[in-house]
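**Student:**
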Amino acid sequence: MMTRLNEMHVIKKQNAHMSKEAAREIIRKIPVEVLAKEWLSKEDATVDMRAYLVDQILPTLILGVERLLREVDEKGLSATNRFEPEFNPINFLAQYLMRNNPRFSNFAEASPYVRGLREVSEEIKQELFTFEDNRLARIKAETRRKRMDRERYEQEIREGKERRRNQLISQFSEWTNYGERNTVELAVLQNSLSFFLETVELLPPELQEVAKFGRPLEPTDETGKTLSVKEFAQYISLFVEDLPSEIFNLFMVHMSKCAATQNASADRENRRIILTNLFLICDYGVLRFMIADRKLGLLDRVRVMILFEKFWDMLMLSREEPMATLRNPRRWPVVEVEEVDDILYDAWQEEPDGGITPMEEEVQNKLEEGSLTTTEIEEEENLAATEEREENNVAATEIREEENCRTGHNNDLWPVTSTIKEKTVEQDTTMTYTSSAAKPIRELSAYSDKFVNLCQFVQMFETFIGPHPESKIFATLVHYVTDLYQDNEPDKTDKLLQAKENATNARKKAQLNALFEKWDNDASGFLELEDVTDYMCKFKDGQEVEAIRSAQFDLKKQSEYFDGRLSNREFRQFLNMVINELPGKETFDLFVEFLMNSVERSYGERIRGEARKKWLQQINMAALTGGTSMEPVYKAVFQALYKDAETHGGEKRISASITMLEKNKLEPSRGELMLRVAACTPEDCQYMLGKPLYKNMKGISFQAIETGKPVHVPRVAKHGNIYFWNYNRNPQERSGSFVAIPLKDNKKRVFGTLGVDTMIDPKKETIFTKHEIQFFQGVAKAFSIAYHYVEKKRKFVHVLERAMPWFHCRCPHVVEITVYFIEPNSKDTNDYVLRKIMVMDNNGQAAHVTELVRLERKDNLFRRYLFDCVETSYTVVADIHDMRHIACPIRDPNGKVVSVVDLNTGKLKNLPKYESREAQRLLRLLQRAFCELSRVSKGEDPQCVLVSKEKSTRNKETSTV
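With the working numbering as the guide, the letters of the sequence shown map in order to residues 189 to 1149.
(1) How many Å lie between Thr-941 and Leu-642 at the Cα?
(2) I'd like the span of the beta strand (DSSP E) that includes Gly-1150, first residue to last.
(3) CA-CA distance, Tyr-1020 and Leu-1114?
(4) Beta-carbon separation of Leu-717 and Leu-754 under 7 Å?
(5) Determine the DSSP secondary structure at Ala-267, reduced to helix, strand or coil.
(6) For Lys-490, which of helix, strand or coil comes out of DSSP?
(7) Alpha carbon to alpha carbon, how far is Val-967 from Glu-894? Give it in angstroms, no decimals.
(8) Assign Lys-932 to one of two classes, buried (16 or more other C-beta atoms within 10 Å of its C-beta) or exposed (fewer than that).
(9) Locate the alpha helix (DSSP H) running through Gln-681, then write down its first and last residues.
(10) Put Ile-1025 into one of helix, strand or coil per three-state DSSP.
(11) DSSP three-state call for His-656: helix, strand or coil?
(12) Please classify Val-525: does DSSP put it in a helix, a strand, or coil?
(13) Does the region 729 to 748 come close enough to the region 998 to 1014 that 3 or more CB-CB pairs lie under 8 Å?
(14) Using CA coordinates, which residue listed in Leu-466, Gln-396, Leu-514 and Arg-903 is at the minimum distance from Glu-434?
(15) Which residue from Met-440, Thr-869, Ala-1107 and Pro-404 puts its Cα closest to that of Leu-426?
(16) When the Cα atoms are used, what is the spatial distance from Ala-132 to Arg-1051?
(17) Can you tell me whether DSSP reads Ala-421 as helix, strand or coil?
(18) In three-state terms, what does DSSP make of Cys-997?
(19) Rounded to whole angstroms, what's the CA-CA distance from Asp-337 to Asp-430? Just pull it up for me.
(20) Unbroken alpha helix (DSSP H) runs of length 4 or more, entirely within the region 1022 to 1078: which are they?
(21) Buried or exposed: where does Leu-854 fall if 16 or more other Cβ atoms within 10 Å of its Cβ makes it buried?
(22) Along the chain, which unbroken stretches of the alpha helix (DSSP H) at least 4 residues long are found entirely within the region 346 to 389?
(23) If I follow the unbroken beta strand (DSSP E) through Asp-1090, where does it start and stop?
(24) So what does DSSP say about His-205, is it helix, strand or coil?
(25) Can you tell which of Leu-257, Cys-1076, Glu-272 and Val-1058 has its C-alpha closest to the C-alpha of Trp-520?
(26) Using only the alpha-carbon positions, how far apart do Ser-380 and Gly-797 sit?
(27) Kindly indicate which residue of Arg-917, Arg-1116 and Gln-1108 has the alpha-carbon position closest to the one of Ile-1150.
(28) Can you tell which of Ser-817, Gln-450, Ile-842 and Thr-816 has its C-alpha closest to the C-alpha of Ala-828?
(29) Mapping the DSSP letters down to three states, classify Arg-864 as helix, strand or coil.
(30) Phe-639 by DSSP, collapsed to three states: which one?
(31) Please tell me whether, using a cut-off of 6 Å, the distance from the CB of Asn-914 to the nearest non-hydrogen atom of the ligand SAH is below it.
(32) Using CA atoms only, rank isn't needed, just tell me which of Ala-1066, Thr-1017 and Trp-994 is closest to Gly-1152.
(33) So, does the region 726 to 743 touch the region 760 to 779, judging by three or more C-beta pairs under 8 Å?
(34) Quick one: what does DSSP say Tyr-915 is sitting in, helix, strand or coil?
(35) Please report the straight-line C-alpha distance between Arg-351 and Val-1007, rounded to a whole angstrom.
(36) Does the Cβ-Cβ distance between Val-372 and Phe-420 come in under 7 Å?
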């Protein structure tokens, strides 16, 4: 029963709820207020503005106005115009709006007006989504447009990358025009990219910023890795994909030029193989002693030049062969500037390119008269020619016949990759040898006007035939030299004997150097003559004492600056004099072996000597790689002293200084000479650096200068004649040891001192030992050598500064001049680098290169002409990117290159005659100036150098270096 009642109660409540919901639905279907729509029916505002009014303002504003009107009627203010002080309609409406914010107020659902506004809002919102001028539509349209622009830009980027990739792929064929392998070396591409960055530096600043690669360049590959066409395009794209179109077009032109240069280099390598074989055939010593020593090969330079001149004369007389590819063998750069006579150049001044000189006209006239028939080639030709053949055509006939007669050993000249199609086993075997012989020779060759070695012969030949010779002319010239170059038997014998003698002398010199190094264990650079003589007198139990004393007397008599000590050179001279006095052919080896075994060094002494020689070598390396600055040398000297004091000096704390001898122009009354501190360790800089030390002041430096020997003060506090630079140090702290080492030049003349002290060492017993002082002497000698070397380079740079305006004035077609110094490679001691020192600016003034720029061979394949110039000591002409470069060597007195002057004549292939003559005179002046500076650095007196000699007016102008 109760269950039934509960169910009925639940059903009753459900019915009541349903009836209420129905009532609400009916109420909601009451017609809306028409006024709600009439408010905005004629509104001209935009759709979004009307939507904002309906949602945010009108629902509250209309109801507020309605409430305001009712309040006015209730107060009876609608029919009167009086002012009611307690009622402000504006404030009333504002208060109502603030209490009934549309965001937080719930209006009655049954209100027709509110429901009318809701319907209007819904209609406007629908219109808002379809109307063009609404905000959301604009945002969507803007978003759609940006997306399309982005997609179009990305498509253009993809198409641009694909287009550039296709261009790179198509350009790959330019790199592989020569050779069988369809690959390109990675190192060549890296050199091309690096070279492009250098050309970008010539562009305006705004273009330089956008011309940077997308990633930094990697170190040049040294493994010989090659890239295929896809790898080529992919690798280059990594760097250039972000370049602007204008810069990319410049890059493609640059790469095309690099490809052409690389192909020309491949042709050149083929010619070098042929010329290497030609050298081996012409050289008697190499053919006979090839296995024993391939470096014996030398050719007679005079004979080779005569053959070049005869070949040139024959082509000039024949008038049938093209001459554009050959250079006159009587002129620079085929011959060096030292060999060119100004008289000949005066005769050639008005001669156009390709014309006949007066000397050649004379030769032609003699041939027409039949009086010049003494050359070997003319005799051979006359035997085969008929009587009807004219003598003027003798040379041309011979050239044609020689080209068709390639027999005998001539076939061994041509490489497998040349135009000769026959490939025999013998030729393949020959090329296996010659290919290895044609590799670049890193050894620097000394210039000689009598002989040429392999690399010099190849370079001289290439200079004569030009950068792009015709194959017909080249082949004819090769066979011409092969047939006519002959050494007579006396010359062959003399050359072999000279080579054998040179090898023997080199072996003896190496043995004596090793002996000196063993005796001079502490690296002082000198040996006491009395000690050396004492050891020598023990040879053969004293039987050769008279010969040794006689050699000792002769040495003292011959040496003008002898001071009782022997340098390495004097030690070798003394031993050779002793050996010459001793009887027997085997005396040298026995005597050197006896002296080598007479001195024994302990293991500790050997280790100490090796370490000290290593530190001295670092001083030498600092001078070789420091350019014209002495700062690296000073630093290396102090580091050597620091390391030795810590390692072999009982961990002493030392200070050091270097003073240079100068003329006293400040206070002549205090002495004719004075010492100025040129460098010192950091703790003494504020007290010593740049300060003068006069002779009338306290100190032992002038005592070391006058005696030429080291002066050691074990305890400075008790000496009484020591000048203390640090005036802030207490007298009680002025303890320690001090030694002054004189600095001497090659003539053993003192030009400064090296001072070492232990004033800053807190320990009391800090006296320098004998082996330490000997090492200090070795440091002083190493510094002296380094100082004079750097000073020589500094003075030569000054000469170059004076020469640059002269070049600019007298050779206006030389658009750029760059000067390089030869320095050892710190990474590879067997190689060298070129350090850029100076360039000529647009005004003809010398501009020093302040930043360190070193050119290595592996990073500058397109500047190979500079390295060829260094290795051959010859002038080298090359075309780089359509620019003619002439690399001119500056040699030391031994004939090896120490500097290269790179003349850039732009697109002008040949300088005018008068400019060429002036350039040669300037280069000759630079060469003579450097040789003079070398003489002065060795202690010899300076001489005047001829600057200019104008033969047209016979006015002589001279100047001194």
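Just so you know, even glycine gets a beta-carbon here, dropped at the ideal spot from N, CA and C.
**Tutor:** Reading from the atomic positions:
(1) If you number the sequence shown from 1, residue 941 lands on position 753. If you number the sequence shown from 1, residue 642 lands on position 454. Thr-941 and Leu-642 have their C-alpha atoms roughly 47 Å apart.
(2) Since the first residue of the chain shown is 189 and the last is 1149, residue 1150 is not available in this structure.
(3) By one-based count along the sequence shown, residue 1020 stands at place 832. By one-based count along the sequence shown, residue 1114 stands at place 926. Rounded to whole angstroms, Tyr-1020 and Leu-1114 show a C-alpha spacing of 23 Å.
(4) Translated into the one-based positions of the sequence shown, residue 717 becomes position 529. Translated into the one-based positions of the sequence shown, residue 754 becomes position 566. Going by C-beta atoms, Leu-717 is nearer than 7 Å to Leu-754.
(5) If you number the sequence shown from 1, residue 267 lands on position 79. Ala-267 falls in the coil class under three-state DSSP.
(6) Working through the sequence shown from its first residue, we reach residue 490 at position 302. The sequence given here has Val at residue 490, not Lys. Three-state result, Val-490: helix.
(7) By one-based count along the sequence shown, residue 894 stands at place 706. By one-based count along the sequence shown, residue 967 stands at place 779. Distance between the alpha carbons of Glu-894 and Val-967 is about 20 Å.
(8) In the sequence shown, the residue the question calls residue 932 occupies position 744. With 16 or more other Cβ atoms within 10 Å, it is buried.
(9) Working through the sequence shown from its first residue, we reach residue 681 at position 493. A small fix is needed here, since residue 681 is Thr in this sequence, not Gln. 677 to 707 is the span of the alpha helix (DSSP H), which, as asked, contains Thr-681.
(10) Within the sequence shown, numbered from 1, the residue matching residue 1025 stands at position 837. Correct three-state label for Ile-1025: strand.
(11) Along the sequence shown, read from residue 1 onward, the residue named residue 656 stands at position 468. DSSP places His-656 in coil when its eight states are reduced to three.
(12) Locating residue 525 in the sequence shown gives position 337, counting from the first residue. Here Val-525 sits in coil by DSSP.
(13) no
(14) Stepping through the sequence shown from its first residue, residue 434 is reached at position 246. For Glu-434, the nearest C-alpha among the options comes from Gln-396.
(15) Start at 1 with the first residue of the sequence shown, and residue 426 comes out as number 238. Minimum Cα distance to Leu-426 is reached at Pro-404.
(16) No statement about residue 132 is possible, as the shown extent of the chain runs from 189 to 1149 and does not include it.
(17) For the purposes of this step, residue 421 is taken as residue 233 along the sequence shown, with counting starting at 1. Note: Ala-421 maps to helix in three-state DSSP.
(18) Your numbering for residue 997 matches position 809 in the sequence shown. If DSSP states are grouped into helix, strand and coil, Cys-997 belongs with the helices.
(19) The residue given as residue 337 occupies position 149 in the sequence shown. The residue given as residue 430 occupies position 242 in the sequence shown. Cα to Cα, Asp-337 sits roughly 19 Å from Asp-430.
(20) Here the runs fully enclosed are 1052 to 1060.
(21) Mapped onto the sequence shown, residue 854 falls at position 666. Leu-854 is exposed by the Cβ-count criterion.
(22) 374 to 388
(23) Taking the sequence shown and counting its residues from 1, one reaches residue 1090 at position 902. Per DSSP, Asp-1090 belongs to the beta strand (DSSP E) from 1085 to 1092.
(24) In the sequence shown, counting from the first residue as 1, residue 205 sits at position 17. Of the three classes helix, strand and coil, the one that applies to His-205 here is helix, per DSSP.
(25) Counting from 1 along the sequence shown, the entry for residue 520 is found at position 332. Closest option to Trp-520, Cα to Cα, is Cys-1076.
(26) Your numbering for residue 380 matches position 192 in the sequence shown. Your numbering for residue 797 matches position 609 in the sequence shown. Their backbone Cα atoms lie some 47 Å apart in a straight line.
(27) In the structure displayed, the chain extends from 189 to 1149; residue 1150 sits before or after that span and is not available.
(28) Working through the sequence shown from its first residue, we reach residue 828 at position 640. Ranking Ser-817, Gln-450, Ile-842 and Thr-816 by Cα distance to Ala-828 puts Ile-842 first.
(29) Counted from its first residue, the sequence shown places residue 864 at position 676. The answer is strand: DSSP assigns Arg-864 an E or B state.
(30) As a working mapping, residue 639 is identified with position 451 in the sequence shown. Looking at Phe-639 - three-state DSSP - the assignment turns out to be strand.
(31) Among the components modelled here there is no ligand, and therefore nothing to report on the ligand SAH.
(32) With the chain running from 189 to 1149 in the structure shown, residue 1152 is simply not present.
(33) yes
(34) If you number the sequence shown from 1, residue 915 lands on position 727. Tyr-915: coil per DSSP, three-state reduction.
(35) For the purposes of this step, residue 351 is taken as residue 163 along the sequence shown, with counting starting at 1. For the purposes of this step, residue 1007 is taken as residue 819 along the sequence shown, with counting starting at 1. One Cα belongs to Arg-351, the other to Val-1007, and the distance between them is close to 42 Å.
(36) The count along the sequence shown starts at 1 and reaches residue 372 at position 184. The count along the sequence shown starts at 1 and reaches residue 420 at position 232. Going by C-beta atoms, Val-372 is nearer than 7 Å to Phe-420.
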